[in-house]
Amino acid sequence: MINDLSKINVKPYPHPNPEVPGSRSRFAHSLEEADGARRDVLATVKLICDEVDFVYDADAKPRGKFVKAPDGGTYTKQLNPYIPSEELMELVRLAQIIQRPVLLKGEPGSGKTQLAKAVAFEWYGAEYPQHFFEWHIKSTSKAVDGLYTFDHVARLRNSQLGDKAEVFRDENGKEDPRQYRKFGPLAKAFLTSTAERPSILLIDEVDKADIDFPNDLLLELDELRFTIPETGELIEAAYPPIIFITSNDERELPEAFLRRCLFMYIKFPKPDQLRMIIKAQLPGLMEAQEAFVNAAIVRFNELREATVRDAADNKRVSTSELLDWLKPYLYELMLPESKRRISAADLSQEGLAKLPFYYHALLKTYAAYQREKEEES
């Protein structure tokens with residue numbers, strides 16, 4: 007943790023797109039005039055990224071970096087626009103100043119997981135995969151998994167082979183144990199983070215792990231360092247990374263863990279925010295069928311409210327399911343008129359009740375399915 011506040015470098019979020027002068031977000035591909043002001047037109051981003059290897063050098067600054075893999079090719083990354091609230095923007099700013107992990111709670115589909123990736127892209131653009139690290143927690147996850155793994159089996163096998171084993175040796179001819187350890191996402195975030203380019207780490211769904219998991223990370227999150235007993239190495243962050251931790255609130259987290267975090271509950275998007283999300287992620291639908299989209303949002307929120315009232319149904323529909331639901335309608339509009347099952351006039355003039363409902367994208371429990379069938383009858 008940096009005690010001298012004057013040395014803290016606060017990066018803006020969102021970050022303007024250098025290719026779109028006057029923009030506010032790197033997701034902007036153009037600007038439009040609206041209500042007398044210029045606004046970003048957001049779009050999904052597709053990036054071509056090189057396959058890379060992580061390289062550790064204890065004498066370098068930073069001590070960790072990525073280099074293009076010798077035989078590596080490329081792969082495609084797709085990022086959907088993220089529309090942060092003013093509260094989230096302020097939260098990212100505070101996380102940089104206070105230098106504490108950010109604990110995010112909220113309903114599934116409220117954008118908890120995507121925030122970290124969006125911040126990384128806003129800051130680093132096409133280079134974001136080299137500064138963004140993900141640690142997806144499972145029920146079997148242990149705290150050490152995020153720090154490092156050590157291949158004890160390979161070391162035992164090589165010791166049995168003796169001089170025949172192909173191993174790296176130090177200047178004294180002794181076997182170098184570092185060849186058996188691999189860094190985890192938390193360690194990589196520590197080793198690559200600098201004041202100019204802080205790394206970003208996502209620890210996703212921390213409440214899925216064992217009850218002791220959060221407490222096992224207290225030292226690492228508090229002091230930003232850890233040791234590897236097998237190699238004797240001390241791994242520490244030269245500059246604090248930005249750490250986002252998500253929880254679906256399946257169980258309470260320890261007080262000692264909570265004391266070390268900033269906290270925010272991300273509320274489900276309001277109708278105007280849903281319209282912005284639909285416009286950004288399903289381009290063309292809002293512009294061509296605004297009345298239909300507004301009616302769909304009303305119906306979507308009715309389904310959410312019905313779930314709250316139904317004690318037999320605990321699965322609320324999420325933003326991603328709203329987008330999945332609307333995709334077939336947009337697809338119909340993209341087809342030649344002779345092949346459409348639904349016309350543009352149908353969407354603009356017919357009520358939702360007279361259109362195919364595509365309930366498969368929204369209703370994921372038998373209770374929800376039965377409730378919908380009863381309403382139809």
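Going by the numbering used here, the sequence shown wraps up at 383, each residue one higher than the last.
Idealized CB from N, CA, C, for every residue including glycine.
Whole-Å CB distance - residue i paired with residue j, under 8 angstroms assumed
| i | j | result |
| --- | --- | --- |
| residue 350 | residue 294 | 7 angstroms |
| residue 49 | residue 20 | Not quite, the Cβ-Cβ distance comes to about 14 angstroms (not below 8 angstroms), so this is no contact. |
| residue 410 | residue 106 | In this structure the chain extends from 7 to 383, so residue 410 is not present and cannot be described. |
| residue 195 | residue 277 | Contact doesn't hold; Cβ gap of about 37 angstroms is too wide. |
| residue 274 | residue 113 | 5 angstroms |
| residue 336 | residue 290 | 7 angstroms |
Beta-carbon proximity of residue i to residue j, cut-off 7 angstroms
| i | j | result |
| --- | --- | --- |
| residue 118 | residue 252 | yes |
| residue 132 | residue 15 | no |
| residue 367 | residue 311 | no |
| residue 97 | residue 270 | yes |
| residue 332 | residue 369 | no |
| residue 220 | residue 263 | yes |
| residue 110 | residue 272 | yes |
| residue 92 | residue 32 | no |
| residue 266 | residue 227 | yes |
Near the ligand ATP: residue i beta-carbon under 6 angstroms from a heavy atom
| i | result |
| --- | --- |
| residue 112 | Among the ligands in the structure shown, none appear at all, so the ligand ATP cannot be discussed. |
Cβ-based neighbour list, residue i, same chain, cut-off 6 angstroms, excluding 5 preceding and 5 following
| i | result |
| --- | --- |
| residue 9 | none |
| residue 256 | 213 |
| residue 80 | 54, 56 |
| residue 353 | 295, 298 |
| residue 152 | 141, 190, 191, 192 |
| residue 236 | 156, 183 |
| residue 147 | 215 |
Where residue i falls, given that 16 or more other Cβ within 10 Å makes a residue buried
| i | result |
| --- | --- |
| residue 186 | buried |
| residue 77 | exposed |
| residue 101 | buried |
| residue 46 | buried |
| residue 23 | buried |
| residue 42 | exposed |
| residue 344 | exposed |
| residue 90 | buried |
| residue 36 | exposed |
Beta-carbon proximity list for residue i, same chain, < 7 angstroms, skipping 5 on both sides
| i | result |
| --- | --- |
| residue 126 | 134, 137, 138, 206 |
| residue 318 | 373 |
| residue 73 | 58, 59, 61 |
| residue 364 | 331, 334 |
| residue 342 | none |
| residue 154 | 187, 188, 189, 190, 193, 234 |
Cut-off 8 angstroms between Cβ atoms - residues of its own chain near residue i, not counting five sequence neighbours on either side
| i | result |
| --- | --- |
| residue 346 | 338, 339 |
| residue 292 | 281, 284, 285, 299 |
Span separating the alpha-carbon of residue i from that of residue j
| i | j | result |
| --- | --- | --- |
| residue 70 | residue 281 | 42 angstroms |
| residue 240 | residue 67 | 15 angstroms |
| residue 375 | residue 323 | 13 angstroms |
| residue 377 | residue 361 | 18 angstroms |
| residue 386 | residue 115 | Only positions 7 to 383 of the chain appear in this structure, which leaves residue 386 out of reach. |
| residue 222 | residue 210 | 16 angstroms |
| residue 313 | residue 381 | 14 angstroms |
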